[in-house]
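Worksheet for the structure shown next.
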Amino acid sequence: MVKYIKAFVLLICVTACNTPPNFVSTKINSNWQFKSVQDTLWLKAEVPGSIHTDLIQNGIIEDPFYRLNEKDQQWIDKNDWEYKTVFNIDDAILDKERIELNFKGLDTYANVFLNDSLVATTNNMFVGNKLNCKSILKLGENKLKIVFDSPIKTGLKKREALGYQLPNAVNDQSENGGLGKKQVAVFNRKAGYHFGWDWGPRLVTSGIWQDVELHAWDNAIIRDAYIKQDKISKNIALLNAELDIHATHQFKAFLNVKIDSVLFVQKEIELQKGDNKISMPIEIENPKLWWTNGLGKQKLYQVDIELGERGKIFATNSNKIGLKTLQVVQEKDSVGESFYFKLNGHSVFMKGANYIPQDVFLNRVTVEDYETVVKNMVEANYNMIRVWGGGVYEKDVFYNLCDKYGILVWQDFMFACAMYPGDEAFLENVKEEAEYQVKRLRNHTSIALWCGNNENLIAWKNWGWINEILNTQGPDVVDIVWKGYQDVFHNILPNVVKELDNDTFYWASSPTSARGEDSNLSSGDYHYWGVWGQQEPFSTFNEYIPRFMSEYGFQSFPEFESVKKYTIEDDWDIYSDVMKSHQRSNIGNKNIERYMKYWYRAPKDFESFLYVSQLLQAKGMKIAIEAHRRNMPYCMGSLYWQINDCWPVASWSTIDYYGNWKASHYQVKELYKPIKSMFFENDKALELHIVSDELKNKKAYLNLEVVNFNGDVLNTFKSDINIESNASSVYFSTDIKDLINGHKKESTFVVARLLGEDNIVFDESLFFFKPSRKLKLTEPNINYKILNQEENRIVLEICTDVLVKDVRLKTPAKGRFSNNYFDMVPNKNYTVYFNLEVPISSGEFKNSLSIVSLYNSY
């Protein structure tokens, strides 16, 4: 047996520099040990952590993401696991009137023992737990133990006890887990993607996934402060601070409200022992409004609330809030009903993606990772991200960053692609979860919408589940399952949102046209999967135009350097066992190959196939996003599936697990620009649409040229234009025959440039008359030079003698190019920045740089 290790935590760890000495916060994250319940050997554990990462750290299992290791690790979730530590308490803490243990996240079925006394039993990964423990603590050494029951064994018991069978959730990889058809994900209030998805592995975790803290105080504490925005106008902001204060005894106190360090409100109050509800009206004159990325600044007011007695402050609460008005507008029209977001009185087209957790093992996601992913959104001109319902409610840092950088959050509750139990215990658990998360997140300016679930309704109505139950269990069970759905999504969740965050819109399911109604193209939001799922051509993106597109997409592989990290050379075939395992869509690799045959010539080798798969994905994304933006204001949102990955895999992501931008993310950055020109071939005519998200009109000069692949200009059209604000319009249209005037389509293209002040080009779009496989490309002579090297970046200038399709710049140096996978017009200089993560000399960089294009792929 490993010798028992004593844990000595810091006695006082003040949570913030302005926290009063009355309040003591101590993290109990050090010197934890773990073992399987049936074993005797204790091993070192990390908190926050998970059972899988602890097993990795101790050399018990190998990296689950490498090759096929995941398959051999399905025993882990069948075991019960035990964690323990000890911590010391001195008189300064023990003398406090109130002492609580705060478990921010236990995954999932935890039995918590303090000094051998059972103090809590948990059953929800998404609910934090605060335990009054003063009576159990003792001076000196205290023992803390947590026993985690297997989520699989517990889920199987709940499945058996339900009394009827729910339809099998398509993404629960129960067979990979050795359970056959016995799926249990829906019985566990934990991250659904841990049980597998069509882009993720099956690695069902347990453990202490967030911090454990000890809080101690005298007199009172501010449990919660909801800064409700009652009225926001140009001249005044009327707010109301709704406070939950817990007092250890009855006494008179004072409250201060400071905004950006300036005292705004003072109030004397009488506190009763126990919980107190207090309201504090606040007025801010001439408020500075919060805007999304691209429309304005993200002013955040620092709101500090101080609670004290006789001039002494003993409790504080701080929030950063942005002042805004935000509505989801649903108005009847000649076609159906609108669905769009109106920010500060302006309709806004939402540009963004769906977001999944950044790792299967949530403890591995760092603050820097969150900063990176949100900055990747900002750099790609997003203004919205959808936190999808099969993952987790993200940590505070994620929403803080969205507040800071102007990214609105479409927030799903954690239900996805399944029907769930409707028993009383489950419903009560859901209500507690919703109340906890809504209260936790409602002050975040970025929260734009609460959505009940992802695809549960459309699955129930369209995936054959009703008939499956009807034929095997009868109509009574159909009614029971549907009642469970209504109880959660039409009763519990909307009521919680109405009570706790009435300012924020509730949407029962995505996609849907209305509560309980199937999705359609004329109202509500829509998920379009005809492309990919039904193998429909990319061109159908132009036909399926909804009011708000909240899911669509196409897959690609990661780049070759990423694939090398989880494979060996024997695996370098898309149909090898390893590559198939790192592809969880059952039609995935064949689908990519099928679509590729229409758009591209057959790649010459494995590495080229990966590269062309990324070009293919970018092509599909381009057609889809242009269709959505071109059709505003009928369509007012485009959120593709998906920005990121949780492990290295072929998927719909535009950024791979290792943080590398795929071709599609560079494409999205261009397509989501505030002002963007886009070609559309309509019957025999070629149109140039220009879409603007800006709030003011913009004068520009349009220069449109027909060019051959050697750079000869064959035809020119020029005009001064006025780009209408917040609109999409056609600014050029002509018959294609007149445009190309007899020149061959396979060696001719059109380039449109928009020029602003000082004749500076601020947008460029190219149009090709044929798919890439039919273009008459010739070998290019690509030249480049380093213009200069700054502290954090290297500036390149690149040019070519003939047309280059999909040029890819590559270097092992740490950093990212400002542009990549782009087309190059002959005899034009392109400036590209390489933003450095690690310093490197210009000579080293030049020696490491390689440039390839589509011509090199076959």
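In my numbering, the protein residues as written are 29 to 886. Just so you know, even glycine gets a beta-carbon here, dropped at the ideal spot from N, CA and C. All values derive from a computational prediction rather than experimental measurement.
Determine, using beta carbons only, whether residue i and residue j come nearer to each other than 8 Å.
{"i": "Leu-714", "j": "Phe-795", "result": "yes"}
{"i": "Asn-490", "j": "Tyr-694", "result": "no"}
{"i": "Leu-142", "j": "Leu-167", "result": "no"}
{"i": "Pro-808", "j": "Thr-828", "result": "yes"}
{"i": "Phe-862", "j": "Arg-821", "result": "yes"}
{"i": "Phe-737", "j": "Thr-806", "result": "yes"}
{"i": "Asp-601", "j": "Met-607", "result": "yes"}
{"i": "Ile-651", "j": "Phe-566", "result": "yes"}
{"i": "Leu-271", "j": "Ile-180", "result": "no"}
{"i": "Lys-647", "j": "Tyr-886", "result": "no"}
{"i": "Asn-347", "j": "Tyr-433", "result": "no"}
{"i": "Phe-569", "j": "Gly-665", "result": "no"}
{"i": "Ile-384", "j": "Val-406", "result": "no"}
{"i": "Ile-718", "j": "Ser-757", "result": "yes"}
Suppose you measure from the CA of residue i to the CA of residue j; what does that come to, to the nearest Å?
{"i": "Phe-36", "j": "Asn-57", "result": "Because the pLDDT at Phe-36 is just 28, under 50, the model does not fix this residue reliably, and the value given afterwards should be weighed accordingly. Looking at the two C-alpha atoms, the distance is approximately 10 Å."}
{"i": "Tyr-368", "j": "Glu-571", "result": "20 Å"}
{"i": "Phe-707", "j": "Ser-793", "result": "8 Å"}
{"i": "Asn-482", "j": "Phe-377", "result": "21 Å"}
{"i": "Leu-146", "j": "Val-393", "result": "31 Å"}
{"i": "Ser-876", "j": "Met-852", "result": "22 Å"}
{"i": "Pro-702", "j": "Arg-657", "result": "11 Å"}
{"i": "Pro-315", "j": "Asp-553", "result": "33 Å"}
{"i": "Thr-233", "j": "Arg-217", "result": "12 Å"}
{"i": "Phe-760", "j": "Glu-733", "result": "12 Å"}
{"i": "Val-30", "j": "Leu-69", "result": "Reliability fails at Val-30, whose pLDDT of 31 lies under 50, so the model's placement of it is uncertain and no value is given."}
{"i": "Glu-128", "j": "Asn-160", "result": "4 Å"}
{"i": "Val-42", "j": "Asn-345", "result": "Because the pLDDT of Val-42 is 32, which lies under 50, any placement of that residue in the model is unreliable, and the question is left without a value."}
{"i": "Asn-170", "j": "Leu-351", "result": "46 Å"}
{"i": "Gly-133", "j": "Ile-508", "result": "32 Å"}
{"i": "Ala-780", "j": "Lys-727", "result": "16 Å"}
{"i": "Leu-38", "j": "Ser-53", "result": "In this predicted model, Leu-38 has a pLDDT of only 31, less than 50, meaning its place in the structure is not dependable; the value taken from the coordinates is given anyway. Cα-Cα distance, rounded: 9 Å."}
{"i": "Lys-704", "j": "Ile-89", "result": "50 Å"}
{"i": "Gln-439", "j": "Val-415", "result": "5 Å"}
{"i": "Asn-884", "j": "Ser-747", "result": "38 Å"}
{"i": "Asn-152", "j": "Asn-530", "result": "25 Å"}
{"i": "Phe-441", "j": "Leu-528", "result": "15 Å"}
{"i": "His-555", "j": "Lys-305", "result": "42 Å"}
{"i": "Ile-764", "j": "His-771", "result": "11 Å"}
With respect to the beta strand (DSSP E) encompassing residue i, which residues constitute its N-terminal and C-terminal limits?
{"i": "Glu-270", "result": "264-275"}
{"i": "Ala-244", "result": "240-245"}
{"i": "His-374", "result": "374-376"}
{"i": "Ile-602", "result": "First-last for Ile-602: undefined, no H or E at that position."}
{"i": "Gln-61", "result": "60-64"}
{"i": "Pro-309", "result": "302-313"}
{"i": "His-717", "result": "713-720"}
Could you tell me how far apart the beta carbons of residue i and residue j are, in whole angstroms, since I believe they sit closer than 8 Å?
{"i": "Tyr-685", "j": "Trp-675", "result": "6 Å"}
{"i": "Phe-443", "j": "Gly-419", "result": "Incorrect: roughly 11 Å between the Cβ atoms, too far for contact."}
{"i": "Leu-194", "j": "Val-356", "result": "Leu-194 to Val-356, Cβ: 31 Å. No contact."}
{"i": "Ala-678", "j": "Phe-585", "result": "5 Å"}
{"i": "Gln-201", "j": "Gly-224", "result": "3 Å"}
{"i": "Val-401", "j": "Asn-672", "result": "6 Å"}
{"i": "Ser-537", "j": "Asn-484", "result": "6 Å"}
{"i": "Ala-381", "j": "Ile-341", "result": "Not quite, the Cβ-Cβ distance comes to about 43 Å (not below 8 Å), so this is no contact."}
Buried or exposed, going by whether 16 or more other CB atoms sit within 10 Å of the CB of residue i?
{"i": "Ile-40", "result": "Here Ile-40 scores only 29 on pLDDT, less than 50, and its place in the model is too uncertain to base an answer on."}
{"i": "Gln-66", "result": "exposed"}
{"i": "Arg-338", "result": "exposed"}
{"i": "Val-832", "result": "buried"}
{"i": "Thr-150", "result": "buried"}
{"i": "Trp-60", "result": "buried"}
{"i": "Val-640", "result": "buried"}
{"i": "Arg-622", "result": "exposed"}
{"i": "Ala-655", "result": "buried"}
{"i": "Ser-78", "result": "buried"}
{"i": "Thr-744", "result": "exposed"}
Which first and last residues belong to the alpha helix (DSSP H) in which residue i is found?
{"i": "Asn-570", "result": "No alpha helix (DSSP H) contains Asn-570, which DSSP labels as neither H nor E."}
{"i": "Cys-161", "result": "Where Cys-161 is concerned, there is no enclosing alpha helix (DSSP H), given that its DSSP letter is neither H nor E."}
{"i": "Ala-728", "result": "Segment 726-736 is the beta strand (DSSP E) holding Ala-728; no alpha helix (DSSP H) there."}
Between residue i and the ligand ZN, is there a pair consisting of the residue's CB and a ligand heavy atom that are separated by less than 7 Å?
{"i": "Asn-139", "result": "The ligand ZN is absent from the structure shown, which contains no ligands of any kind."}
Using a Cβ-Cβ distance cut-off of 8 Å, determine whether residue i contacts chain C.
{"i": "Asn-382", "result": "In the structure shown, chain C cannot be found, because there is only a single protein chain."}
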